[in-house]
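Taking it in order: structure first as structure tokens, then the write-up.
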Amino acid sequence: MTRRFPLAAAALLTTGLLGGCGPMVPVCPAIGFVNPGPVTIEVAPALTVGEVAACFGDGCAPAPLPLDRDGRGQMPLAPPFLADTSVVSIEPGTTVRVVITDATGTVTRDVRAEIPYRSEGGGPCPGPVSFDAVVIS
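All the letters of the sequence shown, read from the start, carry residue numbers -19 to -1, 1 to 118 under mature numbering (1 follows the signal peptide of the UniProt record, and there is no 0).
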């Protein structure tokens, strides 16, 4: 038993001394942040003389999006704006498609845009994030 003590003490001392030799690397917790939406679409007043339709992702089929008097519409992360119902969170890099038509039904804008976001984590680890309005002008 007395032979084990010096060996254990030497191993513990070596680990303690060498463990602090490397650079300090931040370790981020494995926390997932869910952003269920909705996403705000803001359309310039001059463009709202017809219809506005929108959807999430590339190759999606835009659905009519009602706008308030300020030209803002709330697009939920749900059908008909979202085809893939397994998606439960808006992530950085998510894109939307916004199609605007005039009073005659002619497409005046067909825009694909990434939803702007900002990190609120305040440190080396990302998240949580908040999403800004997608502005179409």
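Built from N, CA and C at the ideal position, the CB exists for glycine as well.
Since the model is a prediction, treat every value here as computed from it, not as a measurement.
- Excluding residues up to 5 positions away in sequence, 19 and 21 lie with their Cβ nearer than 7 angstroms to the Cβ of residue 55 in the same chain.
- The closest CA to that of residue 75, considering only 94, 83, 82 and 85, is found on 94.
- Contact annotation: residue 30 and residue 83 have beta-carbon atoms nearer than 7 angstroms.
- By the Cβ criterion, the region 77 to 92 is in contact with the region 35 to 47, since at least three pairs of Cβ atoms, one from each stretch, lie closer than 8 angstroms.
- Exclusion of the five residues before and after residue 106 leaves 7, 9 and 10 as the residues of its chain whose Cβ lies within less than 8 angstroms of its Cβ.
- Annotation note: the region 8 to 58 contains the following uninterrupted beta strand (DSSP E) runs of length 3 or greater, listed N- to C-terminal: 20 to 24, 32 to 37 and 53 to 56.
- Counting the other Cβ atoms within 10 Å of the Cβ of residue 26 gives fewer than 16, which makes it exposed.
- In the structure shown, the three-state DSSP call for residue 92 is strand.
- According to DSSP, residue pairing for residue 81 in a beta bridge involves 33 and 90.
- DSSP, reduced to helix, strand and coil, places residue 67 outside both helices and strands of the structure shown, so it counts as coil.
- At least 7 angstroms separates the beta-carbon of residue 23 from that of residue 50.
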